[in-house]
Amino acid sequence: MSGFTAPKRPRTVTITIWSVTFLGIWNFGRAIAIGQQLNLQDVLNLQPDPRLRLVVAGLFTVLFFWLAWQLWRKRPFTIQAIPFTVSWYTVYETAVWLIFAQSPRNWSLWVISSLLLIGTVLFTRWSLQRAAQPYFSL
Numbered sequence: 000m001s002g003f004t005a006p007k008r009p010r011t012v013t014i015t016i017w018s019v020t021f022l023g024i025w026n027f028g029r030a031i032a033i034g035q036q037l038n039l040q041d042v043l044n045l046q047p048d049p050r051l052r053l054v055v056a057g058l059f060t061v062l063f064f065w066l067a068w069q070l071w072r073k074r075p076f077t078i079q080a081i082p083f084t085v086s087w088y089t090v091y092e093t094a095v096w097l098i099f100a101q102s103p104r105n106w107s108l109w110v111i112s113s114l115l116l117i118g119t120v121l122f123t124r125w126s127l128q129r130a131a132q133p134y135f136s137l
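In this text, residue positions in the sequence shown follow numbering that gives the first Met the number 0: the first is 0, and each later residue adds one.
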């Protein structure tokens, strides 16, 4: 008899938890980096204002970590909340790139990051809507 037991959480939910946690870590790192460089605002007159980006990064950090925790706890509202939040994050990131990117080299990075975030939205929507319904009813 083996001591191995099959996991109760579907693999797609585990990947979603890790992806939402990664987005939280990414925004936490962004908040730290922006916070350390706030004094450059006076010298370089950066646009958009780094204080605004610091607040938004902090907000998304807290939101993504909280959503990952709620998904771990099998809260049903995360089925709609995670794709919705990642969608708004994608819109925010894409808008910042479109409005404030200067050189054509930055446009390719904008396309790559937007496609990656859109893929994350589609995956989380699929994994939480269809593939993980039994997980939330356990």
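Glycine included, every Cβ here is placed at the ideal spot set by N, Cα and C.
Unbroken alpha helix (DSSP H) run spanning residue i, endpoints
i	result
leucine 97	77-99
glutamine 132	132-135
Simplified DSSP assignment, three categories, for residue i
i	result
asparagine 26	helix
threonine 53	Looking at the sequence shown, residue 53 is not threonine but leucine. Looking at leucine 53 - three-state DSSP - the assignment turns out to be helix.
glutamine 36	coil
Cβ-based burial, residue i [other Cβ within 10 Å; buried from 16]
i	result
asparagine 38	exposed
valine 85	buried
serine 18	buried
leucine 116	buried
phenylalanine 21	exposed
Cβ neighbours of residue i in the same chain (closer than 7 Å, five flanking residues each side left out)
i	result
alanine 131	Pro9, Thr11, Val12
Own chain, CB closer than 6 Å to residue i, minus 5 neighbours either side, in chain order
i	result
isoleucine 98	none
proline 82	Val120, Thr123, Arg124
Beta-carbon proximity list for residue i, same chain, < 8 Å, skipping 5 on both sides
i	result
serine 113	Thr89, Glu92, Thr93, Trp96
tryptophan 25	none
isoleucine 33	Pro49, Arg52, Leu53, Ala56
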